[in-house]
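All residue numbers for the sequence shown refer to this note's numbering, where the first residue is 168 and numbers rise by one. All remarks here apply to the structure that follows.
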Amino acid sequence: MHARNSFIFLISVICSIFLVSITGYSQDSDYRENQNSEQKTYQEQTWGIAIGGRTAVNIFDIGDSSVNSLVPLLFYEGERFYLDGLEGGFHFYSKKSWQASLLGRLRFFDIPEEYQNEYQGNTIDAGARLRYMINSDTHLDFEILSDQFANAHANIKISHRFEKGDLEFIPYFNLRFTSSSFNDRYYALEWLGNEGIDGGADYQAGADVKYHLFSNLYLLGALSFRWLDSSVRQAEAVTSNWEAEAFAGFGLFNEKREKRRSNIGLKPYLRLSHGWATSSSLGDVLIGDIDSRDTHNQMTSLFYGYPLTNTLFGLPIDIYITPGFAYHYSSKDQNSAQEYVVAIKAYYTIKLPIRLRVGVAEGFSYISDVTSLERENTAAEGYEPSKLLNYLDLSLDINVGDLSHSDLFKDLWIGAALHHRSAIFESSQQFNGIAGGSNYPSLYLQYHF
Numbered sequence: 168m169h170a171r172n173s174f175i176f177l178i179s180v181i182c183s184i185f186l187v188s189i190t191g192y193s194q195d196s197d198y199r200e201n202q203n204s205e206q207k208t209y210q211e212q213t214w215g216i217a218i219g220g221r222t223a224v225n226i227f228d229i230g231d232s233s234v235n236s237l238v239p240l241l242f243y244e245g246e247r248f249y250l251d252g253l254e255g256g257f258h259f260y261s262k263k264s265w266q267a268s269l270l271g272r273l274r275f276f277d278i279p280e281e282y283q284n285e286y287q288g289n290t291i292d293a294g295a296r297l298r299y300m301i302n303s304d305t306h307l308d309f310e311i312l313s314d315q316f317a318n319a320h321a322n323i324k325i326s327h328r329f330e331k332g333d334l335e336f337i338p339y340f341n342l343r344f345t346s347s348s349f350n351d352r353y354y355a356l357e358w359l360g361n362e363g364i365d366g367g368a369d370y371q372a373g374a375d376v377k378y379h380l381f382s383n384l385y386l387l388g389a390l391s392f393r394w395l396d397s398s399v400r401q402a403e404a405v406t407s408n409w410e411a412e413a414f415a416g417f418g419l420f421n422e423k424r425e426k427r428r429s430n431i432g433l434k435p436y437l438r439l440s441h442g443w444a445t446s447s448s449l450g451d452v453l454i455g456d457i458d459s460r461d462t463h464n465q466m467t468s469l470f471y472g473y474p475l476t477n478t479l480f481g482l483p484i485d486i487y488i489t490p491g492f493a494y495h496y497s498s499k500d501q502n503s504a505q506e507y508v509v510a511i512k513a514y515y516t517i518k519l520p521i522r523l524r525v526g527v528a529e530g531f532s533y534i535s536d537v538t539s540l541e542r543e544n545t546a547a548e549g550y551e552p553s554k555l556l557n558y559l560d561l562s563l564d565i566n567v568g569d570l571s572h573s574d575l576f577k578d579l580w581i582g583a584a585l586h587h588r589s590a591i592f593e594s595s596q597q598f599n600g601i602a603g604g605s606n607y608p609s610l611y612l613q614y615h616f
């Protein structure tokens, strides 16, 4: 069946079943009792999702005096894996007061907007951290990190967490050691000349603030200042002794005043889907106006969902953290590519005799080789594409067990989704300030176990 017709057909079937359910279709009570059979329990996790605006001082002698960006953030604290805003990692050793981790962290390169796409200096630093927990609120960190070009730097950071009522305040001080190659790339502005800068050390002081408004809603803020190394301050392109940045936004986190639930009644899941590329916009896809001329470019994806909580603002909304992998097939105009995703997804279930579920996910997507569709979209706007982009997933599915009256399929869902990558309307520095992206209408099966 044609890709566009397949997608629209499944949406139509789901909506038809929804209408039938409203009119009073019923199931026998024995099946519904089986739905509540005993299963492994999962407790509520520490999680969060936020968005805000970031402003940084432009220290270079080119362009505007400040750099602005819209920044989405993800938070999750598991036993081993974690997400902390624009950082994520794996704790491979934890014992008493010591913790060792592998991590990746997005670092902003604050050059004027007109140069961001050309130079693409925003990067993900990867490395290791050793943490000494002086007490539950005071941490001393030792880090060694490098960008993809082996430009290394190291950090020694101490932080302390204060909490009073609805306010959480975390001041910190960081000593950073930078290599000569690091300073050449990020302070000499290599593309403007051949000036070399020695390695050195700089100092940063700052604070992160979180204020609980009500229920799951919080305000976020951050402010920091960095005193640059003398060799950097003397660089030809640098006009300031200081770097400074500020952030303000809001987010959704665990309810501060409620005790974490030991059983949220959810199961992990696996979702297998197949999608077809389309040049149609996000809005056009949502109303079924799908341009099928690009559907020779296809992808298959597999996502894992781990339950975080089953409520948001007191509503029965199921929330999962969902890492995923997508394989983009080669075609006449593109090579094969691997896409890696991490997101937080929320589901709202309409509890009818045949359950209907609406889902939305927000996260980050990195692709090994930009697809032809994204290259064309960004080129049309005069940009170079970005491998790292914002990720959005919209889905609609129905429960197969309810549909078939079979207890065998009670944990199986079938549905349609939209796999979307974009740079948030040129407003995000971390995605290299581009416009454009890609949409893949998809069909999927999702099994909870």
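In this text, a Cβ means the ideal position worked out from N, Cα and C, and glycines have one as well.
- Buried or exposed: ASP301, going by 16 or more other Cβ atoms within 10 Å of its Cβ? For the sequence presented, residue 301 should be read as Ile rather than Asp. With fewer than 16 Cβ atoms within 10 Å of its Cβ, ILE301 is classed as exposed.
- Considering only the beta carbon of each residue, do TYR260 and THR213 sit closer than 8 Å? No, they are not a contact pair.
- Message: Can you list, in chain order, the residues of its chain with a C-beta nearer than 8 Å to that of GLY363? Leave out the 5 residues immediately preceding and following it.
- Response: Hits under 8 Å: SER347, ASP351, ALA355.
- Task: Compare the beta carbon distance of ASN408 and GLN371 with 8 Å and say whether it is the shorter of the two.
- Result: Taking 8 Å as the Cβ cut-off, ASN408 and GLN371 do not qualify as a contacting pair.
- Name the residue from SER398, HIS615, ASP304 whose alpha carbon lies nearest to the alpha carbon of PRO435. Taking only the C-alpha atoms, the option nearest PRO435 is HIS615.
- Message: I'd like the ranges of any beta strand (DSSP E) spanning at least 3 consecutive residues and lying wholly in the segment 358 to 430.
- Response: DSSP runs (the beta strand (DSSP E)) wholly in the segment 358 to 430: 367 to 381, 384 to 394, 409 to 420.
- Top-ranked residue by Cα proximity to TRP394, from TYR607, LEU384, VAL405: Nearest C-alpha to TRP394: VAL405.
- Message: By the DSSP assignment, the beta strand (DSSP E) with PHE349 in it spans what residues?
- Response: It is not in any beta strand (DSSP E) - PHE349 instead sits in the alpha helix (DSSP H) that spans 347 to 353.
- Item | Beta-carbon separation (whole angstroms), ASP458 vs SER446, contact threshold 8 Å | Sure, about 5 Å apart at Cβ, within 8 Å.
- Message: My output table needs one value for THR538: the three-state DSSP class, helix, strand or coil.
- Response: The answer is coil: DSSP assigns THR538 none of H, G, I, E or B.
- Query: According to the neighbour-count rule (16 or more other Cβ atoms, all chains shown, within 10 Å of its Cβ), is ASP569 buried or exposed?
  - Reply: Label assigned to ASP569: buried.
- Message: Give me the residue from ILE431, ASN383, ASP536, GLN505 with the minimum Cα distance to GLU112.
- Response: Nothing about residue 112 can be reported from this structure: the residues present for the chain run from 168 to 616 only.
- Item | Whole beta strand (DSSP E) elements within the segment 228 to 278, 3-residue minimum | Contiguous beta strand (DSSP E) elements confined to the segment 228 to 278 occur at 233 to 244, 248 to 252, 254 to 262, 265 to 274, taking only those with 3 or more residues.
- Decide if GLN283 is buried, meaning its Cβ has at least 16 other Cβ atoms within 10 Å, or exposed. Burial call: buried.
- Return the bridge partner residues of GLY442 from the DSSP annotation. DSSP, once it has assigned bridges, lists MET466, SER609 as partnering GLY442.
- Reducing DSSP to helix, strand and coil, say where ALA223 ends up. Strand at ALA223.
- Compute the beta-carbon to beta-carbon distance between ILE581 and LEU612, rounded to the nearest angstrom, for a pair I have assumed lies under 8 Å. About 6 Å separates the Cβ atoms of ILE581 and LEU612, confirming a contact at the 8 Å cut-off.
- Item | Start and end residues, alpha helix (DSSP H) containing GLN505 | No alpha helix (DSSP H) contains GLN505, which is instead part of the beta strand (DSSP E) from 504 to 517.
- Decide yes or no for the touch test of the segment 544 to 559 against the segment 511 to 526: beta carbon pairs closer than 8 Å, at least 3 of them. Judged by Cβ distances under 8 Å, the segment 544 to 559 makes no contact with the segment 511 to 526, as fewer than three pairs qualify.
- Item | Separation of ASP451 from LEU253, as counted between CA atoms | When the Cα atoms are used, LEU253 and ASP451 turn out to be separated by approximately 31 Å.
- Task: Identify whether ASN302 lies in helix, strand or coil by the three-state DSSP scheme.
- Result: ASN302 falls in the coil class under three-state DSSP.
- Burial state of LYS499 (16 or more Cβ within 10 Å): LYS499 should be labelled exposed.
- How many Å lie between GLY416 and HIS572 at the Cα? Cα to Cα, GLY416 sits roughly 46 Å from HIS572.
- Rounded straight-line distance, which links the Cα of GLN501 to that of ASN544: The straight-line gap separating the alpha-carbon atoms of ASN544 and GLN501 is approximately 14 Å.
- How many angstroms separate the CA atom of GLU422 from the CA atom of HIS379? Their Cα atoms are separated by approximately 9 Å.
- Assign TYR550 to one of three DSSP states: helix, strand, or coil. TYR550 carries a coil assignment under DSSP once its states are collapsed to helix, strand and coil.
- Since ASP451 is in the alpha helix (DSSP H), which residue starts that stretch and which ends it? Residues 449 to 453.
- Secondary structure of LEU629, DSSP reduced to three states: The chain is shown from 168 up to 616; residue 629 falls before or after that span and cannot be answered.
- Message: Which residues does DSSP list as the beta-bridge partners of ARG334?
- Response: With the sequence shown as reference, residue 334 is identified as Leu, and Arg is not the correct amino acid for it. LEU334 pairs with LYS331, TYR378.
- Item | 8 Å Cβ shell around ASN383 - same chain, five flanking residues per side excluded | Excluding sequence neighbours, ASN383 sits near LEU419, PHE420, ASN421, GLU422, LEU479, PHE480.
- Item | Supposed close pair ASN606, LEU585 - CB separation, criterion 8 Å | About 6 Å; that satisfies the 8 Å criterion.
- Query: Can you tell me where the alpha helix (DSSP H) with ASP569 in it begins and where it stops?
  - Reply: Judged by DSSP secondary structure, ASP569 falls within the alpha helix (DSSP H) whose first and last residues are 567 to 571.
- Going by alpha carbons, who is nearest to GLU335 out of PHE592, LEU386, THR208, ARG522? Relative to the Cα of GLU335, the nearest Cα in the group PHE592, LEU386, THR208, ARG522 belongs to LEU386.
- Message: Tell me the rounded alpha-carbon separation between SER236 and ALA602.
- Response: Between SER236 and ALA602, the C-alpha separation is close to 14 Å.
- Which stretch, first to last residue, makes up the beta strand (DSSP E) that contains TYR494? Where TYR494 is concerned, the enclosing beta strand (DSSP E) stretches over 484 to 495.
- Cα-Cα separation between ALA590 and ALA267, rounded to whole angstroms: If you take the alpha carbons of ALA590 and ALA267, they lie about 33 Å apart.
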